[in-house]
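Heads up, the sequence shown is in my numbering, so the first residue is 1 and it goes up one at a time.
The next block holds one structure in the form of structure tokens; read it before the comments.
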Amino acid sequence: LILLGSTPRSIYKIKFILRNVAWGTLFPSVTLIVVIALVYTPLQPITAGLAFATFWMFYKLWTYLFLYVLDQPAAGDTGGLFFPKAINHIFVGLYVQQICLTALFFLARNQNSNASAIPEGALMVVLIVFTAGFHLILNQSYGPLLTALPLTLAHKSYGMPKQQSLPSGEPGDDMAEENAEADAEEAAEGKKPARDARVPTDGFDKAKQIENGDDEDDVRPLQEPVQATPTDFNHPATVEPQRPIWIPRDELGLAEAEAKAMLAEGIDASMKSADMNERGKITIDGRPPKNMI
1 LILLGSTPRS IYKIKFILRN VAWGTLFPSV TLIVVIALVY TPLQPITAGL AFATFWMFYK
61 LWTYLFLYVL DQPAAGDTGG LFFPKAINHI FVGLYVQQIC LTALFFLARN QNSNASAIPE
121 GALMVVLIVF TAGFHLILNQ SYGPLLTALP LTLAHKSYGM PKQQSLPSGE PGDDMAEENA
181 EADAEEAAEG KKPARDARVP TDGFDKAKQI ENGDDEDDVR PLQEPVQATP TDFNHPATVE
241 PQRPIWIPRD ELGLAEAEAK AMLAEGIDAS MKSADMNERG KITIDGRPPK NMI
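Here it is in structure tokens:
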């Protein structure tokens, strides 16, 4: 641990924190297996059974690893974008395989040193064009969903009014449906809905209340309290407080003097559960300290 960890936090991470997923090496290996299965299944149908057994065992293995062995830090969370990344990796693998196979067909020679697989190479070119077209259609169809939700899920988004349904047969059902359809059409056209969905539509509006003699200043729509925006997918450095400086306690008292100086300057520092011997080896026997100031 002296070479791999020179601070209390690095040693704590090595000894107690779960390992991360090595996506850079996981994607290529799985992509290779997927491409082999897709290519050889039409040629040898038994490959489909072998591929099914392989991915079933992979499913069991990675389920166990993700539950008990591996961890995904908040700083590396993509909010569900690993799946489209994996799909794009598969297409890249298909492109490489098809280009290499096309080159092999065009370079093939018979006993007379003449090209012997020109038709097969031409069919591979057509297959590459078909694969690229399907990839383009897939990205155009689902690409916008990587950054925005569809309008059908707008009512489930943060800060949007929730759908409220009245009991069947009560007055206001037809009007509520018409208002919802009009709001959806205006939202699709980029216009701001004329009705504020946060104001309860109980049949009394501001103009009607003023006509009944109420003071205009006292007639205000009921609005939901303003809430902070969600920070679930923000980088931890932007939402979490600064971590205290963790200094190992030494025999000369230098760490204690440094911690007192930092606290005097308003910098959170602690020597909790960390010690350093005369040879400079750091040992820890507890969790990192929490913020104290």
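The beta-carbon is built from N, C-alpha and C at its ideal position, and this holds for glycine as well.
All figures in this text were calculated on a predicted structure; none of them were measured in a lab.
Check, Outcome
"Euclidean distance between Cα positions of GLN140 and ALA255", "58 Å"
"Length of the line joining the Cα atoms of THR31 and PRO244", "42 Å"
"Burial state of LEU67 (16 or more Cβ within 10 Å)", "exposed"
"Cα-Cα separation, ASP77 to TRP23", "12 Å"
"Distance, LEU145 Cα to ALA154 Cα", "13 Å"
"Burial state of HIS235, where buried means 16 or more other Cβ atoms lie within 10 Å", "exposed"
"Sequence-distant residues of the same chain with beta carbon closer than 7 Å to TYR12, five excluded per side", "ILE284 and PRO288"
"Bridge partners - ASP275, DSSP secondary structure assignment", "ARG249 and THR283"
"Selected residue, minimal CA-CA separation from ALA108, among ALA53, GLU120, ILE99 and GLN97", "GLU120"
"THR25 vs ILE36 beta-carbon contact at 9 Å", "no"
"Neighbourhood of VAL34 by C-beta, 6 Å cutoff - its chain only, sequence neighbours within 5 removed", "ILE90"
"For ALA108, the three-state DSSP class (helix, strand or coil)", "coil"
"As assigned by DSSP and simplified to three states, the class of PRO116", "First, the amino acid is wrong: residue 116 is Ser here, not Pro. Looking at SER116 - three-state DSSP - the assignment turns out to be coil, as it is neither helix nor strand."
"Cβ-based neighbour list, ASP71, same chain, cut-off 6 Å, excluding 5 preceding and 5 following", "LEU18"
"ALA261: first and last residue of the uninterrupted alpha helix (DSSP H) it sits in", "254-264"
"Extent of the continuous alpha helix (DSSP H) run through VAL30", "23-40"
"Boundaries of the alpha helix (DSSP H) in which GLY79 is found, first to last residue", "No alpha helix (DSSP H) holds GLY79; DSSP gives it neither H nor E."
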